[in-house]
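Residue numbers (the numbering used here), protein chains in the order written: chain A, 1 to 113; chain B, 1001 to 1110. Beta carbons are placed, not taken as given, at the ideal position from N, Cα and C, and that holds for glycine.
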Amino acid sequence: DQQVKQNSPSLSVQEGRISILNCDYTNSMFDYFLWYKKYPAEGPTFLISISSIKDKNEDGRFTVFLNKSAKHLSLHIVPSQPGDSAVYFCAASGATSYDKVIFGPGTSLSVIP
Amino acid sequence: DAGVTQSPTHLIKTRGQQVTLRCSPKSGHDTVSWYQQALGQGPQFIFQYYEEEERQRGNFPDRFSGHQFPNYSSELNVNALLLGDSALYLCAAGPRDEQYFGPGTRLTVT
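Next comes the structure, spelled out in structure tokens:
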């Protein structure tokens, strides 16, 4: 039973354009959401997060949108750069900072120069 | 870079054997979580240690156990290895909002 879903295993985008990565979740108890980026042979690195009390959070070229009623979030990368090519994991957690983090299966993003 | 190190990098074991993986959070984070990442999947939460106690546990059998030492380093032990235990094992230091991952240990069970 996958509580965090990323239905697109891969995505290919032209350099300079927008990358949109989508994520759906099923557990309404999730209260905090994170995006991680992973390069080969490295551990995931934190990218951006959003609490359920917000519907948008922005950090430079990265913006995360949360639609609680639809149990859906998305990560926008504008403009996309070749160095953004990596696997992106959506993750969700409960209300407290020590709650376990549940990851989605990931989306492999390729940014074409 | 919080400098989370894991050892060994790669490991090959036979079914039925036992394995111990190690994690050292250089930054001194008191919370350590372990994840299993099978090929083509996202990391799956195994358990979390805080102040030497297991605080949270995911849906993994008792064959998976752990330990945290006073210096916050941690070990993951897996007994009676199965072929399905072949995966990348990731250690993460810090609370949910500030988790730093190590590069992982690649375990292959033959």
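Nearest CA to the CA of residue i: which residue from the options?
{"i": "Tyr1089 (chain B)", "options": "B:Pro1095, B:His1067, B:Cys1023", "result": "B:Cys1023"}
Against chain B, with Cβ distances strictly below 8 Å, would residue i count as a contact?
{"i": "Glu58 (chain A)", "result": "no"}
{"i": "Tyr25 (chain A)", "result": "no"}
{"i": "Ser88 (chain A)", "result": "Reading off the sequence shown, one finds Tyr at residue 88 (chain A), where the question assumed Ser. It does not: the Cβ of Tyr88 (chain A) has no partner Cβ on chain B nearer than 8 Å."}
{"i": "Pro40 (chain A)", "result": "no"}
{"i": "Asp31 (chain A)", "result": "no"}
{"i": "Pro99 (chain A)", "result": "The question names Pro, yet the displayed sequence has Asp at residue 99 (chain A). Yes, contact with chain B."}
Could you have a look at residue i and say whether DSSP puts it in helix, strand or coil?
{"i": "Leu109 (chain A)", "result": "strand"}
{"i": "Asp84 (chain A)", "result": "helix"}
{"i": "Asp1097 (chain B)", "result": "helix"}
{"i": "Leu1083 (chain B)", "result": "helix"}
At a Cβ threshold of 8 Å, is residue i touching chain A?
{"i": "Leu1090 (chain B)", "result": "yes"}
{"i": "Gly1003 (chain B)", "result": "no"}
Just to check, is the beta-carbon of residue i closer than 7 Å to a non-hydrogen atom of the ligand MG?
{"i": "Tyr1072 (chain B)", "result": "For the ligand MG, the structure offers nothing, since it holds no ligand at all."}
Once the 5 residues before and after residue i are set aside, which same chain residues still bring their CB inside 6 Å of it?
{"i": "Asn27 (chain A)", "result": "Gln3"}
If you drop the 5 nearest sequence neighbours on each side, which residues of the same chain put their C-beta closer than 7 Å to that of residue i?
{"i": "Ser8 (chain A)", "result": "Asn22, Thr107"}
{"i": "Lys59 (chain A)", "result": "Reading off the sequence shown, one finds Asp at residue 59 (chain A), where the question assumed Lys. Here the set comprises Ile48."}
{"i": "Val78 (chain A)", "result": "Ile18, Arg61"}
{"i": "Gly1016 (chain B)", "result": "Ala1080, Leu1081"}
Note down, in chain order, each residue of its chain lying with its Cβ closer than 8 Å to the Cβ of residue i, except the 5 sequence neighbours on either side.
{"i": "Gln1037 (chain B)", "result": "Pro1043, Gln1044, Ala1087, Leu1088, Tyr1089, Leu1090, Gly1104"}
{"i": "Asn67 (chain A)", "result": "Asp55, Leu73"}
For this session: Decide if the stretch 22 to 32 of chain A is in contact with the stretch 1055 to 1063 of chain B; the criterion is three or more beta carbon pairs, one per stretch, under 8 Å apart.
Result: They do not touch, by the three-pair rule.
Exercise. Between the stretch 1066 to 1077 of chain B and the stretch 1038 to 1049 of chain B, do three or more beta carbon pairs fall short of 8 Å?
Worked result: Taking a cut-off of 8 Å on C-beta distances, the stretch 1066 to 1077 of chain B touches the stretch 1038 to 1049 of chain B, as three or more cross pairs fall below it.
Exercise. Just checking, does the stretch 35 to 46 of chain A make contact with the stretch 92 to 99 of chain A on the three C-beta pairs under 8 Å criterion?
Worked result: Between the stretch 35 to 46 of chain A and the stretch 92 to 99 of chain A there are fewer than three C-beta pairs closer than 8 Å, too few to call the two in contact.
Exercise. Taking contact to mean at least 3 C-beta pairs separated by less than 8 Å, is the stretch 47 to 57 of chain A in contact with the stretch 102 to 112 of chain A?
Worked result: no
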